[in-house]
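Chemist: Residue numbers (my numbering), protein chains in the order written: chain W, 3 to 76; chain F, 43 to 757.
The beta carbon of each residue, even a glycine, is placed where N, CA and C say it ideally should be.
Note that the coordinates shown come from a computational prediction; the quantities given were computed from them, not determined experimentally.
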Amino acid sequence: MTLDRVQAGSAAELLDIDPCNGLRTRLMEMGLTPGTQLSVVRHAPLGDPIEIKVRGYRLSIRKQEAALIRCRPL
Amino acid sequence: MAPATEPDRRQLIVAVAGNPNSGKTTLFNALTGAHAKIGNYPGITVESRTAEAELPRAGRVTLVDVPGTYSLTARSPDEEVAINSLLGRKGLPRPDAVLVVLDAVALERSLFLLMQVMEFGLPVIAVVNMIDAARGEGIDLHFDALRKEFGIPVVGTVARRRQGLELLRETLDDVLTGARPVPSPDWLWEPCAELSADLDAFDAAIREEVRFSLPTPSARRAFALWLLMSVTPHSELEVRPRLREIALATRTRLEAAGRDLAREAVAARYAKIDLLAPRLITRNPPRSHQTERIDAVLTHPLWGTAVFVTIMGLIFQTLFSWSEPFMGLIENGVGGLAGALRGLLPAGFLRDLLVDGVIAGVGGVLVFLPQILFLFLFISILEGTGYLARAAFLIDRLMRRLGLHGQAFVPMLSGYACAIPAIMATRTIDNRRDRFLTIMAVPLISCSARLPVYTLVIALTFPSAQKIGFLSTGTLVLLGIYVLSSLLALLAVGLLGRTVFKGRLRPLLLELPAYRMPDPKTVLMVVWERSRAFLTTAGTVILVMTVLLWVLLTYPKPGAELPVGADTAAVQSEQLRHSYAGRIGGALEPVIEPLGFDWKIGIGLIGAFAAREVFVGTMGVVYGVGGEGDPADDTLREAMLRDRRPDGRSVWTPLTGVSLIVFFMIAMQCMSTLAVTRRETASWGWTLFMLSYLTVAAYLASLIVYQGGRALGFA
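1) Just to confirm my understanding: we take Arg64(W), look at its own chain, exclude 5 residues before and 5 after, and list those with CB closer than 7 Å. What are they?
2) Can the beta-carbon of Leu128(F) be found less than 8 Å from the beta-carbon of Leu164(F)?
3) Does Met441(F) pass the burial test, meaning 16 or more other C-beta atoms within 10 Å, or should it be called exposed?
4) Output the boundary residues of the beta strand (DSSP E) element that contains His45(W).
5) Which same chain residues, not among the five before or five after Gly178(F), have their C-beta less than 6 Å away from its C-beta?
6) Would a check of beta-carbon distances place Val452(F) closer than 8 Å to chain W?
7) Going by beta carbon distance, what residues of the same chain come within less than 6 Å of His45(W), once the five residues before and after it are set aside?
8) Identify which residue in Met157(F), Val281(F), Leu256(F) has its Cα closest to the Cα of Pro227(F).
9) Around the Cβ of Asn326(F), are there at least 16 other Cβ atoms within 10 angstroms (buried) or fewer (exposed)?
10) Label Cys73(W) either buried or exposed according to how many other C-beta atoms from any shown protein chain fall within 10 Å of its C-beta, with 16 as the threshold for buried.
11) How about Ser456(F) and Ala450(F): are their beta carbons less than 8 Å apart?
12) Distance check for Ala57(F) and Pro49(F), CA to CA, integer angstroms please.
13) Taking only beta-carbon positions, decide if Pro51(W) is within less than 8 Å of chain F.
14) Would you kindly work out how many angstroms separate the C-alpha atoms of Asp561(F) and Ala433(F), rounded to a whole number?
15) Check Lys599(F) in the structure and name its three-state DSSP category.
16) Can you check DSSP and say which residues form a bridge with Leu183(F)?
17) Provide the residue(s) that pair with Pro75(W) in DSSP beta bridges, ordered along the chain.
18) Smallest Cα separation from Leu486(F): which of Ala501(F), Ile510(F), Arg469(F), Ser527(F)?
19) Residue ranges of each alpha helix (DSSP H) run of no fewer than 4 residues wholly in the region 488 to 571 of chain F, ordered along the chain?
20) Nearest-angstrom Cα distance between Leu269(F) and Arg253(F)?
21) Should Thr578(F) go down as buried or exposed, given a rule of 16 or more other Cβ atoms within 10 Å for buried?
22) What does the Cβ neighbour count give for Cys712(F), buried or exposed, with the cut at 16 atoms within 10 Å?
23) Going along the chain, which residues of the region 433 to 445 of chain F sit with their C-beta nearer than 9 Å to a C-beta in chain W?
24) Classify Pro225(F) as buried or exposed, calling it buried when 16 or more other Cβ atoms lie within 10 Å of its own Cβ.
25) CB-CB under 7 Å to Tyr597(F), same chain, minus the five flanking residues each way: which ones, in chain order?
26) I'd like to know whether the C-beta of Thr47(F) is nearer than 8 Å to at least one C-beta of chain W.
27) Using 8 Å as the limit for Cβ to Cβ distance, is Ala299(F) near chain W?
28) Nearest to Leu594(F) by CA position, among Leu322(F), Phe576(F), Gly627(F), is which residue?
29) Please state whether the Cβ-Cβ distance between Met454(F) and Ile414(F) is less than 8 Å.
30) Leaving out the 5 sequence neighbours to the left and right, which residues in its chain are closer than 7 Å to Thr737(F) when beta-carbon positions are compared?
31) With a 10 Å radius around its C-beta and 16 neighbouring C-beta atoms as the bar for buried, classify Ile510(F) as buried or exposed.
32) Quick one: what's Asn61(F) bridged to in DSSP?
33) For Gly758(F), which of helix, strand or coil comes out of DSSP?
34) Considering only C-alpha positions, which residue in the set Met160(F), Thr219(F), Glu232(F), Val143(F) is nearest to Val200(F)?
35) Based on Cα-Cα distance, which residue from Leu230(F), Val535(F), Glu616(F) lies nearest to Phe764(F)?
36) Among residues of its own chain, excluding the 5 on either side of Met682(F), which ones have a beta-carbon nearer than 8 Å to its beta-carbon?
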């Protein structure tokens, strides 16, 4: 499944990121490497973007980009 | 403009690098005195910030604030600044030591940047900042293990509370004076065999082409990897053609072979970090849930929205109304000074130049300060607490529908008060496309300087007795103006975003930092630095243009044919007609006549270039009732209403009024906005683009309104 579909409050393991417009490298540089555990903290009140917690920090990412992140629910 | 950091070899240079939100700027401010030098890197919009610190043995050293970054990979010229200031590329001085500020809470992510810096062989000190927050999160950091594994000095700090700074100063002093031999930092990971071979293939070219110092084979490999990661077919990075060629060829070969550069270079570094992490970090259950608790309220659909609306309302109210008394104070002060000087100096050109040109110009610059001070006070406090990122998080969905980033909200909102602070506030938008797009659209939002003009024209052409329902026509027109100008700004964002700013949309990747108390010194420095930047660059341009405009509106003076003893208002009116501006207004008439404007309005439009509200005063002078500039003044309104065209029709028909209002809604008539745009985009090209697109659009819109209205039988 992809990160945009992970329920708020659930954890997941990152599998890979779709190599699309250079975002993959940027996200990996911020610590979103394959095998990393992350959790979806919440969705913004208007539904988008989402807030995730990864490697100890919180990151806001739009669903459009989250859809490029494949992960496995934990 | 030369970068603020002159290559002064006698004074040692320390670069301060780190992730955004790592407290890097707070640490920088804590180490340095009250003065930071702000400059611009040539040709780009990134500011350079340097300041001095005094060390016991090394003496006075220069600290360079490297722009916050998660990685040294540069995807845009702006991002290139970080690596340039670390390596001494592009004429920047090479640092003698580098402080890499690590976020103790997100240590792994910070270690990635630290590894990149170390690979270049630069003398590094790791500063683990915000160790108090890490403790709260239940994170225990093992400093000895960090020192051992990375082989560099490591200091823990809480910059906001000025903790650990003594040890940091001492360590920095040791490193700079060579008192403590620091082992040369090196690569902590081994690239795979293929990547290794790829990087070695750069070596000969790097040796020949690179002018800055890359002393060791490891440093050259690090630069080869930087090239390979940063140079893409579409990148605008300035890299020597031969290096660019090798990088692109390697990239193509790599992709053809089905290899994955991000895995080989990025994930491999994180694999090393993950391997070390258990020795460096022990995670216990968090002791504090402060950020979670605050976020539960501030990002709550109901309470979060209420807080958002309240804070934004407060910003709006402050800029729109509460700055008014301060602006009045400045205007009165400058007016008083002008009056005093007028009494002291002998009459003549010099007095007029000084009083009506220069002092009025200085007043015209200073009057923006209250709004700038207030806006940046808000922004820096909100940014320091971590709320600004939440605000962007809350509003991003709406802003995105308009084609912008959540971070563009505060600048757009500020535009309703004044475009000057609004354009300066676009600095909080972290990607260039959205930032420039916002700058281009902000002048369309109805700022408060247009209000007197609207009030005058509405009072003139829509009698208040006319009512639709319980609202007077005038009120409805004013309401319509605000709605329409907001829509126009959004339309501009949509159109420019699909044409001029077409291209890859940068995704929103926004860190939501832990809530904390802002550092008072950092808040004050931001406010002070923004105000100073405005005064020294934009302010100078505004001042010069005000004086020029004053000359246009005053000279040449009419000769002796003026009747002696005529009343002042009539003399002023005659002078204005006779001036360059009056002549330009006359010459302009055939051009603006299709919009329903005559030469008098033409002069008004020229005067409005100083500030839009000046239109009212100029009209007062043109119509010979004095230039007090009160839109509610009956004498001016009556004089204007009596005005007839040569064919006997009234000049000020509702159609002319609407056409003029439309013109004021769109036209770029504010030279201060242009001056600030020049400063913030670092480009005359974009400034001229703003001026021309808005002027053409205003002309066309007014033309359509006036000619369309006439065709439909109005006026």
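Modeler: Taking the coordinates as given:
1) Residue 64(W) sits at position 62 when you count from the first residue of the first sequence. Around Arg64(W): Asp50, Pro51.
2) Within the second sequence, residue 128(F) is the residue found at index 86, counting from 1. Within the second sequence, residue 164(F) is the residue found at index 122, counting from 1. Contact flag set, yes.
3) Working through the second sequence from its first residue, we reach residue 441(F) at position 399. That one is buried.
4) Translated into the one-based positions of the first sequence, residue 45(W) becomes position 43. Counting along the chain, the beta strand (DSSP E) containing His45(W) begins and ends at 39 to 45.
5) By 1-based counting over the second sequence, the position of residue 178(F) is 136. Closer than 6 Å at the Cβ level, and outside the excluded window around Gly178(F), lie Arg329, Ser330.
6) Locating residue 452(F) in the second sequence gives position 410, counting from the first residue. Not an interface residue.
7) Here the question's residue 45(W) lines up with position 43 in the first sequence. Excluding positions up to five away in sequence, the list reads Ala10, Ile52.
8) Along the second sequence, read from residue 1 onward, the residue named residue 227(F) stands at position 185. The option with the nearest alpha carbon to Pro227(F) is Met157(F).
9) Mapped onto the second sequence, residue 326(F) falls at position 284. Asn326(F) should be labelled exposed.
10) Position 71 of the first sequence, counting from 1, holds the residue named residue 73(W). Result: buried.
11) Within the second sequence, the letter at position 414 stands for residue 456(F). Within the second sequence, the letter at position 408 stands for residue 450(F). No, Cβ-Cβ distance for Ser456(F) and Ala450(F) is not below 8 Å.
12) In the second sequence, the residue the question calls residue 49(F) occupies position 7. In the second sequence, the residue the question calls residue 57(F) occupies position 15. Its pLDDT being 46, under 50, Pro49(F) is placed unreliably by the model, and nothing is read from it.
13) Numbered from its first residue, the first sequence carries residue 51(W) at position 49. Yes, because at least one Cβ of chain F sits closer than 8 Å to the Cβ of Pro51(W).
14) As a position in the second sequence, residue 561(F) is number 519, starting the count at 1. As a position in the second sequence, residue 433(F) is number 391, starting the count at 1. Their backbone Cα atoms lie some 20 Å apart in a straight line.
15) As a first step, residue 599(F) must be located in the second sequence, where it is residue number 557. Of the three classes helix, strand and coil, the one that applies to Lys599(F) here is coil, per DSSP.
16) Reading the second sequence from its first residue, position 141 is the one you call residue 183(F). Answer is Ile323(F).
17) For this step, residue 75(W) is matched to residue 73 along the first sequence. Its beta-bridge partners are Ala14(W).
18) If you number the second sequence from 1, residue 486(F) lands on position 444. Of the listed residues, the one whose Cα sits closest to Leu486(F) is Ser527(F).
19) 493 to 503, 515 to 540
20) Walking along the second sequence from the start, residue 269(F) turns up at place 227. Walking along the second sequence from the start, residue 253(F) turns up at place 211. For Leu269(F) and Arg253(F), the distance between alpha carbons rounds to 15 Å.
21) Looking up residue 578(F) in the second sequence gives position 536. When all chains shown are included, Thr578(F) counts as exposed.
22) Translated into positions along the second sequence, residue 712(F) becomes position 670. The residue is buried, with at least 16 neighbouring Cβ atoms inside 10 Å.
23) Ala434, Phe435, Leu436, Ile437, Asp438, Arg439, Leu440, Arg442
24) By 1-based counting over the second sequence, the position of residue 225(F) is 183. Answer is exposed; the Cβ neighbour count stays below 16.
25) Translated into the one-based positions of the second sequence, residue 597(F) becomes position 555. Taken in chain order, the residues that qualify are Ser621, Tyr622.
26) Taking the second sequence and counting its residues from 1, one reaches residue 47(F) at position 5. Because Thr47(F) carries a pLDDT of 48, less than 50, the predicted location of this residue cannot be relied on, and the following value inherits that uncertainty. Not closer than 8 Å to any Cβ of chain W, the Cβ of Thr47(F) fails to qualify, so no.
27) Residue mapping note: residue 299(F) aligns to position 257 of the second sequence, counting from 1. Ala299(F) does not count as touching chain W.
28) Counting from 1 along the second sequence, the entry for residue 594(F) is found at position 552. Of the listed residues, the one whose Cα sits closest to Leu594(F) is Gly627(F).
29) The residue you call residue 454(F) lines up with position 412 of the second sequence. The residue you call residue 414(F) lines up with position 372 of the second sequence. The answer is no: Cβ separation not under 8 Å.
30) What you label residue 737(F) is simply residue 695 of the second sequence in a count that begins at 1. Taken in chain order, the residues that qualify are Ala709, Met710.
31) For the purposes of this step, residue 510(F) is identified with residue 468 of the second sequence, where counting begins at 1. Looking at its Cβ environment, which holds fewer than 16 other Cβ atoms inside 10 Å, Ile510(F) is exposed.
32) What you label residue 61(F) is simply residue 19 of the second sequence in a count that begins at 1. According to DSSP, Asn61(F) bridges with nothing at all.
33) Outside the displayed range of chain F (43 to 757) lies residue 758(F), so it cannot be described from this structure.
34) Walking along the second sequence from the start, residue 200(F) turns up at place 158. Nearest of Met160(F), Thr219(F), Glu232(F), Val143(F) to Val200(F), Cα basis: Val143(F).
35) Residue 764(F) lies beyond the range of chain F shown here (43 to 757); nothing can be said about it.
36) As a position in the second sequence, residue 682(F) is number 640, starting the count at 1. Once the five neighbours on either side are set aside, the close Cβ partners of Met682(F) are Leu502, Met661, Tyr665, Val693, Trp694.
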